[in-house]
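Some notes on the structure that comes next.
Residue numbers (our numbering): 1 to 220.
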């Protein structure tokens, strides 16, 4: 039986995406894996289709073109569209790229080609007085848009609040860090569920997040 389900990973240079590509189940579950990168791809070029140096202004057009090539296909999409934590707010191109997640949520929600899209957020956006800056502000905006406009009456677009991912974590984050390899496998498994839920850690940091969201009256 021919497979028509494809996987798109937006943020091809993400270390989490690198871990996802290591799982052999991708080749079994998907007929093609497409990597979208806003810079030159720095990973190992396997059998994935790679689109590099994407201008964030054109990201919707790129998805539309991919869907139009094979309108019968369904796509699982992971948006690891996380700007550097040292994002310069004065850099308009970087800011436009990081805000493109907001446009994509609305687009994916109404697209017939999308089976499921998972957007990756960060636990840092919920920690008061910690690492304030452009990165944290953008992650806050992404979650607010999702929780207020997308989460209700929607089964295609879901949001994941990632804990600190190891290796590569220093300082306070080490206390709550979880392996990238675990989250890579977990995110792939989420594409096969029909639940419309906010994905988060089942450990202490996840319990704290649930309390915060409950106080804000945000349904999980």
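Glycine included, each C-beta is placed from N, C-alpha and C at the ideal position.
- If you ignore the 5 residues before and after residue 126, its C-beta comes within less than 7 Å of the C-beta of 209 and 212, all in its own chain and listed in chain order.
- When the five nearest sequence neighbours on each side are left out, the beta carbons in the same chain lying within less than 8 Å of the beta carbon of residue 74 are those of 4, 5, 6, 113, 114 and 115, in order along the chain.
- Beta-bridge annotation (DSSP): residue 76 is paired with 7 and 116.
- Taking 8 Å as the cut-off, the beta carbon of residue 106 is found no closer than this to the beta carbon of residue 11.
- Excluding sequence positions up to five before and after residue 191, its CB lies within less than 6 Å of the CB of 76 and 116, all in the same chain and listed in chain order.
- The alpha-carbon separation between residue 54 and residue 17 amounts to approximately 17 Å.
- DSSP, read as helix, strand or coil, puts residue 122 in strand.
- Proximity of the region 31 to 44 to the region 150 to 163 falls short of the contact definition, fewer than three beta-carbon pairs being nearer than 8 Å.
- Using a Cβ distance threshold of 8 Å, residue 60 and residue 35 do not count as a contacting pair.
- Contact annotation: residue 148 and residue 165 have beta-carbon atoms that are not nearer than 8 Å.
- Assigned with DSSP and collapsed to three states, residue 52 falls in coil, not helix or strand.
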